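In structure tokens:
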């Protein structure tokens, strides 16, 4: 009788444990303490062991999920409109030139222009303010996104590297290399020979050519006997039946940009070597002028 009661009691305990195990939550997993015999197991063992009983996917890796959410909601970063982060700009000596920097999605970031000389950076503009002591530099903003650097009356010293920088992290840099073309003016004779002095016999024909190169293609002109060529022009001066009064200095100038002068000697049987020792201050230049308009502010003068 006692044995049947013990057996029945064990059966009831077993049934209760089974029902609790089937309906209730699993017992908590106790991590080993330092010094326990299970301390030598791999750290991932307990994570893998407990993962079937957790409600958090991927082992409760909530930090990665938060980081992923933050990445997807990050605001757009600024970028340059040009496909490449560099440009080459060529301008004429004495002209005005704009260096363009088109930035999209600028938002609260700031645009700056700096001049790079070897290892030194010179701040020109910051935002809409100009910090250069050279008054020829100005910042001109053209909506919606063009931060232009204006350089007035460009000269040879302006040639070099310029950088348009955006204050993002990391900073964005757009490189511009400015080339300043200096026109070349030369006076040659009918044979194409150059020189500071030209000698002609009395009664002969003086022919001088003013050759201008390294300038943009002329669009309009007012002159006689002038040939327009790609990148320049040639203007001819003819003096028939030359006499001593035609002796003097003849200058060809391209406005205030470039000029050259040749001295013409008309000889009445004199030796050219002897003429070089004579005084030419009493000679007056020929009062003849021709104008060639290459640009709105460029004029060629021969006199």
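Residue numbers (mature numbering (1 follows the signal peptide of the UniProt record, and there is no 0)): -22 to -1, 1 to 281.
Even for Gly, the Cβ is constructed at its ideal location relative to N, Cα and C.
Quick caveat: nothing in here was measured; it's all calculated off a predicted structure.
| Proximal residues to residue 82 (C-beta, below 8 Å), its chain only, five neighbours per side dropped | 56, 57, 58, 59, 123
| query | My guess is that residue 141 and residue 131 are in contact by the Cβ rule of under 8 Å, so how many angstroms apart are they, rounded? | reply | Not really, about 22 Å apart at Cβ, beyond 8 Å.
| task | Return the residue from the list 144, 101, 94, 135 that minimises the CA-CA distance to residue 80. | result | 144
| query | With respect to the beta strand (DSSP E) encompassing residue 74, which residues constitute its N-terminal and C-terminal limits? | reply | Here residue 74 belongs to no beta strand (DSSP E), and DSSP marks it neither H nor E.
| query | Since residue 212 contacts residue 193 with CB under 8 Å, what's their CB separation in whole angstroms? | reply | That pair is no contact at about 12 Å.
| field | Helix, strand or coil at residue 136 according to DSSP, with G and I counted as helix | value | helix
| said: If you reduce the DSSP assignment to three classes, tell me which class residue 223 lands in. | reply: helix
| message | Tell me the rounded alpha-carbon separation between residue 214 and residue 69. | response | 27 Å
| request: Check each candidate in 85, 235, 66 and name the one with the smallest Cα separation from residue 78. | output: 66
| request: Less than 8 Å between the CB atoms is what I'm expecting for residue 241 and residue 174, so what's the real figure, rounded? | output: 6 Å
| task | Figure out for me which residue from 118, 53, 150 has the closest Cα to the Cα of residue 62. | result | 150
| task | Pull up the DSSP beta-bridge partners for residue 93, would you. | result | 100, 140
| Three-state class that DSSP yields for residue 151 in the structure shown | strand
| query | Using the rule of at least 16 other Cβ atoms within 10 Å of the residue's Cβ for burial, across every protein chain shown, is residue 243 buried or exposed? | reply | buried
| field | Continuous beta strand (DSSP E) stretch holding residue 55: start and end | value | Element bounds for residue 55: n/a, residue is neither H nor E.
| query | So residue 139 and residue 94 are in contact, right, with Cβ under 8 Å, and what is the actual spacing, rounded? | reply | 4 Å
| query | Buried or exposed: residue 161, going by 16 or more other Cβ atoms within 10 Å of its Cβ? | reply | buried
| What span of residues does the beta strand (DSSP E) with residue 117 cover, start to end? | 115 to 120
| By how many angstroms is the C-alpha of residue 167 removed from the C-alpha of residue 238? | 14 Å
| query | So, are the CB atoms of residue 232 and residue 163 less than 8 Å apart? | reply | yes
| field | Whole-angstrom distance between residue 129 and residue 114, CA atom to CA atom | value | 6 Å
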